[in-house]
RNA sequence: GGGGAUGUAGCUCAGUUGGUUAGAGCGCCGCCCUGUCAAGGCGGAGGUCGCGAGUUCGAGUCUCGUCAUUCCCGCCA
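Numbering (the numbering used here), first residue to last: 1 to 599.
So, in structure tokens, the structure goes:
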């Protein structure tokens, strides 16, 4: 971490310091200064002791001479890693021969006259002075030590700059930052709620908000016109590398607006936020329809930084005698494929890819190598005519040596989704993602509804407050006024124009099978608000954790959160979730069926 | 709910077809050392091989279970 360096304002002189460690650069040679921080490293020569002192700004070398300050030299000999010290001394220029070019203060050192040891440290469970790999569970258990190492802290600094920029830009556009409650009404829709039992009202429960969605709509009914919040949201679902049970959204909403207004303000914010991370983009961002994204990339959050696009081979194989393709196509299904290019894939590799697509719902994977004579080396080659092979090769734009990977499925989205996942895997496996390049794209023209086979019902693709676009009596073809913003294959945000009349809102609830009584029970307060003159309004939410993860180039969302949860939702530092006293449970009028958890 | 991977010294890891006393680097402790900056030299301590069963003459190694961490599927309007 020697090369990390932060320029900070001059600290107020007090009992501990008058200068930051790297602030010494700004001070004249010979000046008496005082610094405080941690003993980062020690180099004890017996007669001469060097201590690298570290504070947030960076590192400065302290030298203890026995003949300059005998007491300080003796004390310095007892220092160990991570002891907290305050040192007074004279700033001196190093001889040319001993300049350290690796740190900004390398041409200086502080010749100690006095040292005070403010706190001793036990030997840390892992080395704070090195950036080598340490098991994440251990880092999270001692996150305060991990933060000293300087792998996470730069991300937190970036996150700070991002939120400051968000507040500045939105303030310049007349947005009001308003806080909404964290103890809210359960609205069993979407994700599983975190529930909080009420002590005062026996049998009553709060839910932690999955998002401030309904509150922000009420703020629009309340005439605030332009609102934003950097809001904590909670969803009790299983975790992933890019999902935490509590996470942060930039939530915003505007009145009397159309899609273009929300998109424009979002682009203005993102352009400046990205610039904070040294990423410079042009506005307006690219747009792509949902159908095109699904067709070409098999995903509604496509990564546009590389090719490997999905092709449709329905027409090529329309009259095929090959049973698998024939039955899928006559049943209304689809055959789609990726030209993976010239890849050396062994039989074992192909088996692994087959298992991979099966894991994403596909029945199997057809592979074919294009050979010199134009034929295919493929398990299915013998079932296909020469014309079909030639046509498919042409449709794929394939050349000799290319590998074609195809999936046939009765459901278009299954085939597309499996190939979309395969596409991302191949891109990583063959290192096709250009370093340092970023692609932002708006996905628009979403369907309003999708049919849930399990529930045998229409469910909203976004949420039931999204304004529909089209004929309300034709759910299968009903569009929505929703839009997602996608960066490098990650959905970093999404939003919509909302429904602002009770008639349309009730109609949508009807279609998705929520009857009047149930709607009244769940969303009655919103429906009532819509009766009193709700302005046309819309907005969007950006996943701040994901956005900062991308900007920081971090591996995991956990690397941009000071105190993240583990993949099982536990906090390794505090031990949460933990058991509680019987009395606390009784006070809340609840009964636990689980064995007591002590830690 | 399902599948994969990992678990050996404080940390990061190695440990062959099951075979005597489980190793390395860093860290830690002691001594030496006045220009190092990953300081150096010499010496030393440190292990419930995640936990529990089983197979075997013998298990870090094989089997089963379990726990923890992690990645993925389902889930996440």
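Cβ atoms here follow ideal geometry from the backbone N, Cα and C, with glycine treated the same way. Nothing here was measured: the structure is a model prediction, and the numbers come from that model.
Do you know how far the Cα of residue j is from the Cα of residue i?
i	j	result
residue 34	residue 17	5 Å
residue 545	residue 247	7 Å
residue 1	residue 148	Here the model assigns residue 1 a pLDDT of 41, short of 50, so the residue's position is not dependable, and the following value carries that caveat. Taking the straight line from one Cα to the other gives about 10 Å.
residue 414	residue 396	20 Å
residue 585	residue 594	12 Å
residue 316	residue 372	21 Å
residue 47	residue 68	11 Å
residue 598	residue 582	For residue 598, the pLDDT reaches just 48, beneath the cut-off of 50, and the residue's location in the model is therefore unreliable, leaving the point undetermined.
residue 159	residue 410	45 Å
residue 309	residue 296	5 Å
residue 562	residue 502	42 Å
residue 152	residue 242	16 Å
residue 591	residue 200	16 Å
residue 348	residue 453	35 Å
residue 588	residue 128	43 Å
residue 329	residue 318	7 Å
residue 437	residue 291	25 Å
residue 26	residue 19	9 Å
residue 344	residue 394	21 Å
residue 287	residue 301	12 Å
residue 205	residue 79	54 Å
Hey, residue i and residue j: beta-carbon distance below 7 Å or not?
i	j	result
residue 86	residue 36	yes
residue 77	residue 110	no
residue 493	residue 254	no
residue 83	residue 39	yes
residue 166	residue 257	no
residue 72	residue 115	yes
residue 560	residue 552	yes
residue 512	residue 458	yes
residue 233	residue 210	yes
residue 313	residue 357	no
residue 340	residue 426	yes
residue 176	residue 227	yes
residue 220	residue 577	no
residue 478	residue 468	yes
residue 365	residue 384	no
residue 191	residue 235	yes
residue 298	residue 419	yes
residue 464	residue 508	yes
residue 389	residue 398	no
residue 472	residue 505	no
residue 107	residue 98	no
What first and last residue would you give for the beta strand (DSSP E) that runs through residue i?
i	result
residue 248	246 to 255
residue 408	403 to 409
residue 544	From DSSP, residue 544 is part of no beta strand (DSSP E) but of the alpha helix (DSSP H) over 544 to 552.
residue 338	334 to 341
residue 312	310 to 312
residue 113	108 to 119
Just checking my contact of residue i with residue j at CB under 8 Å: how many whole Å lie between their CB atoms?
i	j	result
residue 59	residue 112	Actually they are not in contact, since the Cβ atoms of residue 59 and residue 112 sit about 15 Å apart, beyond 8 Å.
residue 361	residue 417	7 Å
residue 181	residue 305	The pair is not a contact, with the Cβ atoms about 40 Å apart (cut-off 8 Å).
residue 52	residue 41	4 Å
residue 486	residue 408	That belief does not hold up - the Cβ atoms of residue 486 and residue 408 are roughly 28 Å apart, past 8 Å.
residue 224	residue 273	Actually they are not in contact, since the Cβ atoms of residue 224 and residue 273 sit about 23 Å apart, beyond 8 Å.
residue 230	residue 163	6 Å
residue 24	residue 123	Contact flag wrong, Cβ pair sits at about 29 Å.
In the DSSP assignment, the alpha helix (DSSP H) including residue i goes from what residue to what residue?
i	result
residue 86	Unbroken run through residue 86 is the beta strand (DSSP E), 84 to 93; no alpha helix (DSSP H).
residue 294	290 to 297
residue 364	Where residue 364 is concerned, there is no enclosing alpha helix (DSSP H), given that its DSSP letter is neither H nor E.
residue 227	Segment 226 to 234 is the beta strand (DSSP E) holding residue 227; no alpha helix (DSSP H) there.
residue 420	412 to 429
residue 533	Note, residue 533: premise wrong, no alpha helix (DSSP H); not H, not E.
residue 272	259 to 276
residue 493	Here residue 493 belongs to no alpha helix (DSSP H); instead the beta strand (DSSP E) covers 490 to 497.
residue 500	No alpha helix (DSSP H) contains residue 500, which DSSP labels as neither H nor E.
residue 359	347 to 359
For the ligand ATP, is there any heavy atom lying closer than 6 Å to the beta carbon of residue i?
i	result
residue 246	In terms of ligand content, the structure shown is empty, and the ligand ATP therefore cannot be addressed.
Entirely enclosed beta strand (DSSP E) segments - the segment 44 to 71, minimum 3 residues: Annotation note: the segment 44 to 71 contains the following uninterrupted beta strand (DSSP E) runs of length 3 or greater, listed N- to C-terminal: 49 to 55 and 58 to 64.
Length-filtered (4 minimum) alpha helix (DSSP H) runs lying within the segment 167 to 224: Residue ranges of uninterrupted alpha helix (DSSP H) with 4 or more members, entirely inside the segment 167 to 224 and ordered along the chain, are 213 to 221.
Inside the segment 440 to 485 only - beta strand (DSSP E) runs reaching at least 3 residues: If only uninterrupted beta strand (DSSP E) runs of at least 3 residues are considered, those enclosed by the segment 440 to 485 are 440 to 444, 449 to 452 and 457 to 460.
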